Structure formats: C-alpha cells, structure tokens
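First comes the structure, then the notes that go with it.
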Amino acid sequence: MQIINPGFEGDTTKPDADHILPEGWRVWAYGGLSGTHSEIESHPPNVKGGKGAGRLWVSNERRELGYLQTVGGITPGDTVEFSIWAKAISTSSGIVGDKSDGKIGLCASIDPLGGPFQDAPSVVWGEAATVMDEYVLLSCRVVAQADKVTVFTRM
Numbered sequence: 451m452q453i454i455n456p457g458f459e460g461d462t463t464k465p466d467a468d469h470i471l472p473e474g475w476r477v478w479a480y481g482g483l484s485g486t487h488s489e490i491e492s493h494p495p496n497v498k499g500g501k502g503a504g505r506l507w508v509s510n511e512r513r514e515l516g517y518l519q520t521v522g523g524i525t526p527g528d529t530v531e532f533s534i535w536a537k538a539i540s541t542s543s544g545i546v547g548d549k550s551d552g553k554i555g556l557c558a559s560i561d562p563l564g565g566p567f568q569d570a571p572s573v574v575w576g577e578a579a580t581v582m583d584e585y586v587l588l589s590c591r592v593v594a595q596a597d598k599v600t601v602f603t604r605m
C-alpha cells in the first residue's frame with residue numbers, strides 16, 4: 451500500500467476557492483462541502499514535522515469532516531494499517547497559539563472495500579481520541595477485501 455503524499459509535504463491542488471489540498475487527498479464532510487475550508491498550515495506550533503500540515507475547518511458550526519484517499523495495489527486478505535498524526539484545535543478567537551476552548555474527536559478509518567463514502571457500512575473506524583492542542587497518533591487496521599482500500603480521517 452502506497453499512500454500518495456503521506457506527510458502532506460508534496461504538491462497541492464486547489465479544486466475550488468475554499469480548498470487547498472495535499473496532492474492525492476480529498477475532503478469529505480457530512481452535509482456537503484459548503485462552508486468547509488482546507489489549507490496547508492505552516493505555523494510552527496501546528497506542524498508536527500516538515501514544512502506543513504493539512505488544516506480543515508468549518509466556520510461557525512459543528513460538522514464532521516476529514517480527508518480521504520483511495521489506495522490501490524492491495525492484495526485481498528492482507529492486513530492493512532493506516533496511521534496518521536492529528537492535532538485538534540478549537541478556539542473562538544481564531545488566533546494561532548491560543549488554547550482550545552472546545553472539544554473535537556479525532557479518528558482514522560479504512561474502508562476495506564475501497565469505497566469513497568465515509569458512512570458506508572463497510573468502513574472500520576479506529577479508536578477515537580479527544581486530545582486538544584497536541585498531536586496524537588491515530589490508527590486503524592483491517593483485512594483488505596478488495597484490490598484497493600480507502601483511508602479516512604475524521605474530526
């Protein structure tokens with residue numbers, strides 16, 4: 451399994467005015483993408499390593515969203531693991547470095563059938579973490595049921 455741009459360090463794409471995405475990744479959101487935003491974050495307190503991190507947010511409402519990528523070259527029956535570092539920040543001020551005043555749950559998941567929908571019954575969600583203002587390693591492991599899988603993050 452080879453994820454494209456696993457560290458979000460490669461090229462970016464701009465599919466619309468509200469989203470700058472790491473190459474190879476897409477965004478999903480319950481209720482559609484209207485009102486959601488994404489960019490490559492470069493403020494040092496918010497970057498785990500390298501030069502940037504993916505940043506997703508929704509303005510003035512609570513809604514689940516995340517990144518996804520479908521990865522091919524999988525052998526059905528093989529165990530597949532997806533791990534990603536994530537950091538949740540929720541401030542009413544919008545100022546970089548302010549401590550969070552809200553809670554956000556983070557999770558990694560895999561669809562062992564390779565489908566593109568985060569709410570498909572085949573999606574296996576890893577253990578959720580509610581850790582604010584610091585990075586946490588999220589992971590999920592499944593047995594592949596197709597020649598591709600889709601990995602998801604959720605916040």
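In the numbering used here, the protein residues as written are 451 to 605.
Where a beta carbon is used, it is the ideal one built from N, C-alpha and C, also for glycine.
Keep in mind it's a predicted model, so treat the numbers as computed, not measured.
Quick one: is residue i buried, meaning 16 or more other Cβ sit within 10 Å of its Cβ, or exposed?
i	result
Ile488	The sequence shown places Ser at residue 488, rather than the Ile named in the question. So Ser488 counts as buried.
Lys549	exposed
Trp478	buried
Val593	exposed
Asp561	buried
Phe567	exposed
Ser559	buried
Tyr517	buried
Ala578	exposed
Trp575	exposed
Ala467	exposed
Thr600	buried
Since residue i contacts residue j with CB under 8 angstroms, what's their CB separation in whole angstroms?
i	j	result
Leu556	Leu588	6 angstroms
Ala536	Thr580	Contact doesn't hold; Cβ gap of about 11 angstroms is too wide.
Gly552	Ser533	Contact flag wrong, Cβ pair sits at about 25 angstroms.
Gly500	Ile490	Actually they are not in contact, since the Cβ atoms of Gly500 and Ile490 sit about 10 angstroms apart, beyond 8 angstroms.
Tell me whether residue i sits in a helix, a strand or coil according to DSSP, three-state version.
i	result
Pro495	helix
Lys549	coil
Lys501	coil
Glu531	strand
Trp475	coil
Pro526	coil
Thr541	coil
Leu483	coil
Ala467	coil
Starting from residue i, follow its DSSP beta bridges and name the residues at the other end.
i	result
Val599	Val521
Ile560	Val574 and Val601
Glu584	According to DSSP, which records beta bridges pairwise, Glu584 is partnered with nothing at all.
Arg591	Glu531
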